[in-house]
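*Asks:* Before I ask anything, here is the structure I am working with.
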Amino acid sequence: MSNQEPRASAARRFFAGVTEHAFHARLGVVDPQLVDYISDLLNRFMRNDDIFSLRGPTGGRLDQVADMLAEAEARRGKARRTVHRHIGDFTLFWTGVYPEVVERMRRTSQKDSLIDYSAQGKRAYYVASTIRVQKEFAPTSLLQRLSHEFEMCVYGLGEVRRQWDNRDDGDFSALFLN
């Protein structure tokens with residue numbers, strides 16, 4: 014077992030607990046599939062490589078939603094669904110966990126300064142839900158719920174962030190994997 018495995022396991026348990034508490038106790042949302050997906054999203058996006066996992070045709074990292082949207086249009090089938098799901102995840106993560114970053118981007122001259130992350134996230138989950146595939150990590154019904162309940166999920170992720178910001182039992186940053 015590597016040194017990172019115990020940290021990854023601790024982070025997974027932490028995110029599962031705070032996500033469940035935020036959604037169940039604070040929001041009254043008892044939807045295990047949705048809560049598990051959001052907890053998994055936080056775990057996946059602990060690693061910078063996963064947040065920015067999409068690559069363009071030349072292999073360059075796509076870090077702007079505008080570029081991700083163009084890439085989604087260039088793909089077909091499961092690959093297109095995967096890109097749209099990632100756009101939904103990406104926009105949900107940033108608007109829910111780090112809204113101050115999204116606001117800062119709006120004041121820049123980057124491509125994404127003109128993009129409404131909430132609207133694009135809802136749309137991306139919806140488009141992903143319409144692309145039929147054999148087996149997929151996120152079922153169609155879940156992607157539809159993420160689209161319809163995007164703002165509630167953003168609020169729930171804000172609650173998760175408040176919980177981890179208020180942690181006083183050690184250094185949470187030690188859980189993050191580089």
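In the numbering used here, the protein residues as written are 14 to 191. Glycine is no exception: its CB is placed at the ideal position from the N, C-alpha and C atoms. In this text the structure is predicted, and so the values were computed from the model without any measurement.
(1) Using the beta-carbon count (16 or more within 10 Å), is leucine 127 buried or exposed?
(2) So what does DSSP say about arginine 57, is it helix, strand or coil?
(3) Given glutamate 149, which residues of its chain have a CB within under 8 angstroms of its CB, disregarding the five upstream and five downstream residues?
(4) From the DSSP secondary-structure annotation, give me the bridge partner or partners of arginine 68.
(5) Based on Cα-Cα distance, which residue from Ala85, Arg57, Ala29 lies nearest to isoleucine 144?
(6) Give the DSSP-derived three-state secondary structure of arginine 174 in the structure shown.
(7) With distances taken from CA atoms, which of Phe106, His97, Leu75 is nearest glutamine 157?
(8) Leaving out five residues before and five after threonine 153 in sequence, what residues of the same chain have Cβ atoms less than 7 angstroms from its Cβ?
(9) Let me check understanding here. Comparing Cα to Cα, which of Ala132, Ala151, Trp177 lies closest to phenylalanine 163?
(10) Taking only runs that begin and end inside the segment 87-114, name each unbroken alpha helix (DSSP H) of 4 or more residues, in chain order.
(11) In terms of residues, what are the limits of the alpha helix (DSSP H) holding valine 193?
(12) Return the chain-ordered list of same chain residues with a C-beta closer than 7 angstroms to the C-beta of valine 151, the five sequence neighbours on each side being excluded.
(13) Where leucine 170 and phenylalanine 27 are concerned, what is the direct C-alpha to C-alpha distance, given to the nearest angstrom?
(14) Report back the beta-carbon spacing between leucine 159 and tyrosine 138 to the nearest angstrom; my notes put them in contact at under 8 angstroms.
*Replies:* According to the structure shown:
(1) Residue environment analysis places leucine 127 among the exposed positions, since fewer than 16 neighbouring C-beta atoms fall within 10 angstroms of its C-beta.
(2) Residue state, collapsed to three classes: helix.
(3) Closer than 8 angstroms at the Cβ level, and outside the excluded window around glutamate 149, lie Lys91, Arg94.
(4) Residue pairing of arginine 68 in beta bridges, as defined by DSSP: Arg74.
(5) If we check each option's Cα against that of isoleucine 144, Ala85 comes out closest.
(6) helix
(7) Residue nearest to glutamine 157 within the set Phe106, His97, Leu75 is His97 (criterion: CA-CA distance).
(8) Ser142
(9) Measuring C-alpha to C-alpha distances from phenylalanine 163 to each of Ala132, Ala151, Trp177 identifies Ala132 as the nearest.
(10) Segments of the alpha helix (DSSP H) lying fully in the segment 87-114: 90-110.
(11) Limits of the chain in this structure are 14 at one end and 191 at the other, which puts residue 193 out of reach.
(12) The question names valine, yet the displayed sequence has alanine at residue 151. The beta carbon of alanine 151 lies closer than 7 angstroms to those of Tyr50, Arg98 in the same chain, with the five residues before and after it left out.
(13) 14 angstroms
(14) 4 angstroms
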